[in-house]
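The next block holds one structure in the form of structure tokens; read it before the comments.
Residue numbers (the working numbering): 192 to 531.
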């Protein structure tokens, strides 16, 4: 059943984490890659060494993945046991060590996961592994259902994962979708991202209907959570984020998406990436957690981001933080029984 009138807040809430981890193949130093390069075109020269983060202190140490991978694990599992529970859902982008590192390590911590690599990844062209999206859940809290999609967009080489999960304690089926949209600024890139958003929302709507049919419920009773690196700041012109929040799109897919964080506009203190490449510094909100506020979900708390004064002078990434994106997180509550 997708209602939980007898459950208390402990059994009906769960914690989610969204994190772009900065792939090894997109941040490696001047060392030989494990494979032959598939492209002689080195692309953006600025990003070719250490992902362009050459001005951070000792990048040969702070961006050495064999060291940095453990600091990424601290972000994923760094909750102090006395103060908070583990994350129940972890969504990560720019993962090029899913099978060789993250999956076996997170398995020890009680997680199971699925992975979808990006086709024609820039990492592969440079002789590294393909990066992609990883979606993990805490076993015993969530259970993977039969609706699982590893999709790719009609435009661009970006990807998404859609998975219906059963929240065991409340016996509620919830549809999760995660993605990493096309990067790059400007009108054309924003147009591509907007098209990608529309395709994703349409596919999410279809999978929600499949799930509802299997459970013999109206699709309006399938809660939806959408998270990822959307590479777009809502304050920028024609941002694709407006598509996710727009009345028109929401009425098409019959869902009302809301951000876990205040983003329209975001407070000056909120950012999810703040980095310098060459002479250009960008402080932006491009990572998001959205949930269907009209389908029995509410957000009760979000993970704080660091204060300006806590940042290193050279910003992200560095010794204080292992990625060029911050992890963001939220506690969502499954509301007591609801109807369409």
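Each residue gets a CB set at the ideal place from its N, CA and C atoms; glycine is no exception.
Does the distance from the C-beta atom of residue i to that of residue j stay below 8 Å?
i: residue 278; j: residue 206; result: yes
i: residue 286; j: residue 323; result: yes
i: residue 319; j: residue 219; result: yes
i: residue 494; j: residue 525; result: no
i: residue 546; j: residue 367; result: Only positions 192 to 531 of the chain appear in this structure, which leaves residue 546 out of reach.
i: residue 462; j: residue 475; result: yes
i: residue 430; j: residue 381; result: yes
i: residue 444; j: residue 392; result: yes
Residue i to residue j, Cα distance in whole Å?
i: residue 317; j: residue 229; result: 7 Å
i: residue 490; j: residue 312; result: 34 Å
i: residue 477; j: residue 337; result: 30 Å
i: residue 328; j: residue 501; result: 30 Å
i: residue 259; j: residue 292; result: 12 Å
i: residue 226; j: residue 434; result: 39 Å
i: residue 480; j: residue 450; result: 6 Å
i: residue 224; j: residue 267; result: 27 Å
i: residue 353; j: residue 342; result: 8 Å
i: residue 521; j: residue 290; result: 26 Å
i: residue 386; j: residue 492; result: 31 Å
i: residue 410; j: residue 347; result: 30 Å
i: residue 413; j: residue 241; result: 43 Å
i: residue 517; j: residue 497; result: 9 Å
i: residue 299; j: residue 405; result: 32 Å
DSSP has residue i in a bridge; who is on the other side?
i: residue 473; result: 466
i: residue 521; result: 207 and 493
i: residue 455; result: Partner(s): none; residue 455 has no beta bridge.
i: residue 340; result: 353
i: residue 369; result: 352 and 418
Taking buried to mean at least 16 other C-beta atoms within 10 Å of its own C-beta, is residue i buried or exposed?
i: residue 417; result: buried
i: residue 465; result: buried
i: residue 378; result: exposed
i: residue 332; result: buried
i: residue 453; result: exposed
i: residue 407; result: exposed
i: residue 243; result: buried
i: residue 499; result: exposed
Shortest alpha-carbon distance to residue i belongs to which of the options?
i: residue 248; options: 521, 520, 505 and 513; result: 505
i: residue 394; options: 364, 474, 459 and 370; result: 370
i: residue 402; options: 357, 381 and 511; result: 357
i: residue 375; options: 420, 288, 214 and 398; result: 420
i: residue 295; options: 519, 522 and 264; result: 264
i: residue 306; options: 290, 325 and 397; result: 325
i: residue 365; options: 246, 509, 483 and 517; result: 483
i: residue 213; options: 256, 203 and 382; result: 256
i: residue 508; options: 202, 250, 210 and 225; result: 250
i: residue 344; options: 389, 397 and 300; result: 389
i: residue 360; options: 330, 432 and 382; result: 330
i: residue 510; options: 396, 485 and 261; result: 261
i: residue 252; options: 204, 513, 523 and 467; result: 513
i: residue 245; options: 503, 486, 516 and 469; result: 469
i: residue 288; options: 300, 304, 276 and 280; result: 304
i: residue 428; options: 515, 222 and 456; result: 456
i: residue 515; options: 208, 254 and 488; result: 254
i: residue 203; options: 351, 310 and 363; result: 363
i: residue 350; options: 335, 308, 321 and 436; result: 308
i: residue 310; options: 339, 321 and 340; result: 321
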